[in-house]
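S.K.: If you read the sequence shown in this note's numbering, its first letter stands for residue 150, the second for the next number, and so on. For each residue, glycine too, the CB sits at the ideal point set by N, CA and C. The structure displayed is predicted, hence computed values, not measured ones. I am attaching a structure below and will ask some questions about it afterwards.
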Amino acid sequence: MSKKGKSIVLNILFVICACVFIVSSYMLYKEIMVYKKGSNEYSSWVDLAVTYEDGDTNNPLKRVINFDELKKTNPDVIGWIYIPDTVVDYPVVQCDNNDKYLHTLFSGENNKAGAIFVDARNTMNFTDQNTIIYGHNMKNKSMFHVLSEYGSQEFYDKHNVIYYYTIDGVYELRIFSTYTVHANDPYTSINFGEQRSDLINKFVERSAVNSSFTVGTNDKITSLSTCAYNFEDARFVVQATVNKMP
150 MSKKGKSIVL NILFVICACV FIVSSYMLYK EIMVYKKGSN EYSSWVDLAV
200 TYEDGDTNNP LKRVINFDEL KKTNPDVIGW IYIPDTVVDY PVVQCDNNDK
250 YLHTLFSGEN NKAGAIFVDA RNTMNFTDQN TIIYGHNMKN KSMFHVLSEY
300 GSQEFYDKHN VIYYYTIDGV YELRIFSTYT VHANDPYTSI NFGEQRSDLI
350 NKFVERSAVN SSFTVGTNDK ITSLSTCAYN FEDARFVVQA TVNKMP
């Protein structure tokens, strides 16, 4: 090949590489903006809906959630979930299916961040044996990404209580087990029937951490679920007892 021919080939390769770089950069920018939009929206809901009794911002039990204001935007809202000192500070929704909020923000806008939502099979206020709450494991560490941190004993010891707010009051969710499992595991059942005792024992035995809490015979539990990437269809699950606060 002549010198001129080589020069033409190199120029063509340069143009191709430049085009690939531009397209890749644009796609990355679009993805970052999607994440940013989702995070910004949820931060705005905290500013709008969360206040504190007596200005006591250090006490989660003093938090007050303005559900009337939230319902103006989305009547599907049924709760609010909060893990102190993490990004988890979100409204919780529920509708008649488990697909809508996979890619729909609380505001109703389409976005891959989705929303935190309760399984459509569950009742609203923890009357089932097991209430399942879902959220995405986002690359920007928003939504339920933090659940994966519960594989660490140190993280668990500092964050072993989750707070859940409803119109009827505040619940402490006291974590007794955390683990990675396949998506079709029995943790996805809302009622365990006669297998309850055996399943609870199994959940406790598989835990990645040593828990500060036990599960009583009549305790209702909740299972917080997000995607994991250890194997195909993996889920990271955080399970807790449900305790209504006075």
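Can you tell me whether DSSP reads A357 as helix, strand or coil?
M.R.: Walking along the sequence shown from the start, residue 357 turns up at place 208. A357 falls in the coil class under three-state DSSP.
S.K.: Taking the alpha-carbon positions, what's the E226 to Q243 distance?
M.R.: As a working mapping, residue 226 is identified with position 77 in the sequence shown. As a working mapping, residue 243 is identified with position 94 in the sequence shown. Reading off the sequence shown, one finds Val at residue 226, where the question assumed Glu. Going by the C-alpha atoms only, they are around 7 Å apart.
S.K.: Among T366, Y250, N274, H252, which one has its Cα closest to the Cα of Q344?
M.R.: Your numbering for residue 344 matches position 195 in the sequence shown. Closest option to Q344, Cα to Cα, is T366.
S.K.: From this set, R355, V391, Y314, which residue's C-alpha is nearest K211's C-alpha?
M.R.: The count along the sequence shown starts at 1 and reaches residue 211 at position 62. Here the closest residue by C-alpha is Y314.
S.K.: Checking 8 Å against the spacing of the C-beta atoms, do D277 and N333 come in under that value?
M.R.: Here the question's residue 277 lines up with position 128 in the sequence shown. Here the question's residue 333 lines up with position 184 in the sequence shown. Going by C-beta atoms, D277 is not nearer than 8 Å to N333.
S.K.: Please state whether the Cβ-Cβ distance between I281 and S372 is less than 8 Å.
M.R.: As a first step, residue 281 is located in the sequence shown; it is residue number 132 there, counting from the start. As a first step, residue 372 is located in the sequence shown; it is residue number 223 there, counting from the start. Yes, they are a contact pair.
S.K.: Report the residue ranges of all alpha helix (DSSP H) runs contained in full by the stretch 240-264; include only those spanning at least 4 residues, in chain order.
M.R.: DSSP runs (the alpha helix (DSSP H)) wholly in the stretch 240-264: none.
S.K.: Starting from F362, follow the beta strand (DSSP E) in both directions and report where the run begins and ends.
M.R.: The residue you call residue 362 lines up with position 213 of the sequence shown. Neither: F362 is in no beta strand (DSSP E) and is coded neither H nor E.
S.K.: What residue range is occupied by the uninterrupted alpha helix (DSSP H) comprising F304?
M.R.: For the purposes of this step, residue 304 is identified with residue 155 of the sequence shown, where counting begins at 1. Segment 302-307, the alpha helix (DSSP H) holding F304.
S.K.: Is L177 helix, strand or coil by DSSP?
M.R.: In the sequence shown, residue 177 corresponds to position 28, counting from 1. In this predicted model, L177 has a pLDDT of only 37, less than 50, meaning its place in the structure is not dependable enough to derive any value.
S.K.: Enumerate in chain order the residues of its own chain whose CB-to-CB distance from L251 is below 6 Å, with the five nearest sequence positions on each side excluded.
M.R.: By one-based count along the sequence shown, residue 251 stands at place 102. Correct list, in chain order: G263.
S.K.: Please report the straight-line C-alpha distance between N247 and A269, rounded to a whole angstrom.
M.R.: Walking along the sequence shown from the start, residue 247 turns up at place 98. Walking along the sequence shown from the start, residue 269 turns up at place 120. Distance between the alpha carbons of N247 and A269 is about 6 Å.
S.K.: I need the straight-line Cα distance from S326 to T375, nearest angstrom please.
M.R.: Counting from one through the sequence shown, the residue named residue 326 turns up at place 177. Counting from one through the sequence shown, the residue named residue 375 turns up at place 226. Rounded to whole angstroms, S326 to T375 spans 15 Å at the Cα level.
S.K.: Looking at the strands, I want to know which residues DSSP matches up with R323.
M.R.: For the purposes of this step, residue 323 is taken as the residue at position 174 of the sequence shown. In the DSSP output, where bridge partners are listed per residue, R323 has V310, T390.
S.K.: Sort V319, S338, L296 by Cα distance to Y328 and report the nearest one.
M.R.: As a position in the sequence shown, residue 328 is number 179, starting the count at 1. With distances taken between Cα atoms, Y328 lies closest to L296.
S.K.: Return the first residue and the last residue of the beta strand (DSSP E) that T272 is part of.
M.R.: As a first step, residue 272 must be located in the sequence shown, where it is residue number 123. Here T272 belongs to no beta strand (DSSP E), and DSSP marks it neither H nor E.
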